[in-house]
Amino acid sequence: MKNRRSKQRKRAMKKRKGKRQRQNEGEIISPLIKKYWIQRYNLFSRFDEGIKMDEEGWYSVTPEEIAMMHAERCIDGVAGAATCVIDCFTGVGGNAIQFATQYHFVVAIDVDPQKVKMAYNNARIYGVEDYIDFIVGDFFHLAPSLKGEIVFLSPPWGGPSYKTIENFTMDLLKPKDGYSIFQVAQTISPHIIMFLPRNVDLHQVEELSWLSSPPLNFEIEENYVENNLKGVTVYFGGLACKQVKWS
Ligand code: ADP
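Letter by letter, the sequence shown follows residues 1 to 247 in UniProt numbering.
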């Protein structure tokens, strides 16, 4: 009898705990980001230590593994040891953190003060906040005063609906089209990394290299996480290993 009661009590406790957990998750997870929650450690391996993200951050932050590859590409640098990377649309800081982890100095820019706050919080969790200069501002206004060896561009892709488009063209990038963004970036440095949707129009990527005279070298890399194609990275200038030609 006693045994059965204690089993019932344990079952009731388990049920209450499960309900509490679901309620806690419910506070964090809105229906839109529910599908991204399962990928949280792919986005930030130290997620449980207090990483902060808003709804946009959930679907737009670069997965950590990919951000690490971007940062590793810059290790040899293009201008010696002291590399400064300008992260022009930093969001919640996924890329800035990995650049700083690889001993680069980073200027992290975002027009949204809340994003910059979250990026600072997240950089502190990774212990790299002292290597990042956080700036709240519009990249296009700030560009004439920015100095750095490498420009990193992960401009907004227009939300999760980009996946439904067959051929993602440069005019779909925000807040300006891809050609305009690239042209401004080039005024800072020819060594540019651009992180783009997996369905990006590759002929238009080649056109970006023609905006410079002589045309910039470029290299295209497909980025997978757990066998899923998450995006395409284009390395320009001294960061490209080889020039890719499209017929
Ligand atoms: P992606 O889908 O490529 O990851 P996001 O949707 O995260 O892009 O957008 C990146 C960030 O760019 C957002 O945090 C947004 O606030 C920021 N942003 C948008 N316009 C500007 C701008 N003109 N200057 C700087 N940051 C901007």
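Here a beta-carbon is modelled for each residue, glycine too, at the ideal position from N, C-alpha and C.
Query raised in the report: In three-state DSSP terms, what is L43?
Result: DSSP places L43 in helix when its eight states are reduced to three.
Query raised in the report: Hey, how far is the Cα of E129 from the Cα of K115?
Result: Spanning the two alpha carbons is a distance of roughly 15 Å.
Report task. Mind listing which residues have their beta carbon within less than 6 Å of any non-hydrogen atom of ligand 1? Chain order is fine. Result -> The set of residues whose C-beta lies within less than 6 Å of a heavy atom of ligand 1 reads, in chain order, E56, S60, F89, G91, I109, D110, V111, D112, K115, D138, F139, F140, S154, P155, P156, W157, P175.
Query raised in the report: Hey, out of Y179, L216, I150, R198, whose CA is closest to K163's CA?
Result: Measuring from the Cα of K163, the nearest candidate turns out to be R198.
Query raised in the report: What do you get for I38, buried or exposed, if any count of 16 or more other CB atoms within 10 angstroms of its CB means buried?
Result: I38 should be labelled exposed.
Query raised in the report: Should G57 be listed as close to ligand 2, given that the test is whether its C-beta is under 7 Å from any heavy atom?
Result: Among the ligands modelled here, namely ligand 1, ligand 2 does not occur.
Report task. Measure the alpha-carbon distance for V184 versus S212 and round it to whole angstroms. Result -> Going from the Cα of V184 to the Cα of S212 covers about 12 Å.
**Report entry** Length of the line joining the Cα atoms of V244 and H70
**Finding:** Because V244 carries a pLDDT of 48, less than 50, the predicted location of this residue cannot be relied on, and no value is offered for it.
Requested in this report: Spell out the partners DSSP gives G231 in its beta bridges.
Outcome: Beta-bridge annotation (DSSP): G231 is paired with N223.
Query raised in the report: Taking DSSP as the reference, what is the three-state secondary structure of D177?
Result: The answer is coil: DSSP assigns D177 none of H, G, I, E or B.
Query - Stretch-stretch touch, CB-based, cutoff 8 Å, three pairs: the segment 92-99 with the segment 56-75 - result: Touching, per the Cβ criterion.
Query raised in the report: Ordered along the chain, which non-local residues of its own chain (more than five positions away) have a Cβ less than 6 Å from that of Y179?
Result: Closer than 6 Å at Cβ, skipping near neighbours: M170.
Requested in this report: Use the C-beta contact count for I75: other C-beta atoms within 10 angstroms, 16 or more gives buried, fewer gives exposed.
Outcome: Exposed, because fewer than 16 other Cβ atoms sit within 10 Å of the Cβ of I75.
Query raised in the report: Which residue's Cα is closest to the Cα of K230: G148, P214, L196, I135?
Result: Nearest option by C-alpha distance: L196.
Query raised in the report: According to DSSP, is I97 helix, strand or coil?
Result: Residue state, collapsed to three classes: helix.
Query raised in the report: Taking the C-alpha atoms as reference points, what is the distance between K111 and P156?
Result: Contrary to the premise, residue 111 reads as Val rather than Lys in this sequence. Between V111 and P156, the C-alpha separation is close to 12 Å.
**Report entry** Between the CA atoms of P31 and residue 283 - distance to the nearest angstrom
**Finding:** The question about residue 283 has no answer, for the chain in this structure spans 1 to 247.
Query - N- and C-terminal bounds of the alpha helix (DSSP H) containing F140 - result: Per DSSP, F140 belongs to the alpha helix (DSSP H) from 139-142.
Query raised in the report: Expressed to the nearest angstrom, what Euclidean distance is found between the alpha-carbon atoms of S161 and L172?
Result: One C-alpha to the other measures close to 11 Å.
**Report entry** Beta-carbon proximity of L146 to I188, cut-off 8 Å
**Finding:** The Cβ atoms of L146 and I188 lie closer than 8 Å to each other.
Query raised in the report: In chain order, what residues of the same chain have a beta carbon less than 7 Å from the beta carbon of G137, not counting five sequence neighbours either side?
Result: Setting aside the 5 residues that flank it on each side, G137 is surrounded in the same chain by I109, V111, each with a C-beta closer than 7 Å to its C-beta; the list follows chain order.
Query raised in the report: So what does DSSP say about M194, is it helix, strand or coil?
Result: Strand at M194.
Query raised in the report: Candidates E166, A96, I33: which alpha carbon is nearest V200's?
Result: Comparing Cα positions, the closest option is E166.
Report task. Quick one: grab the DSSP three-state call for F89. Result -> DSSP places F89 in coil when its eight states are reduced to three.
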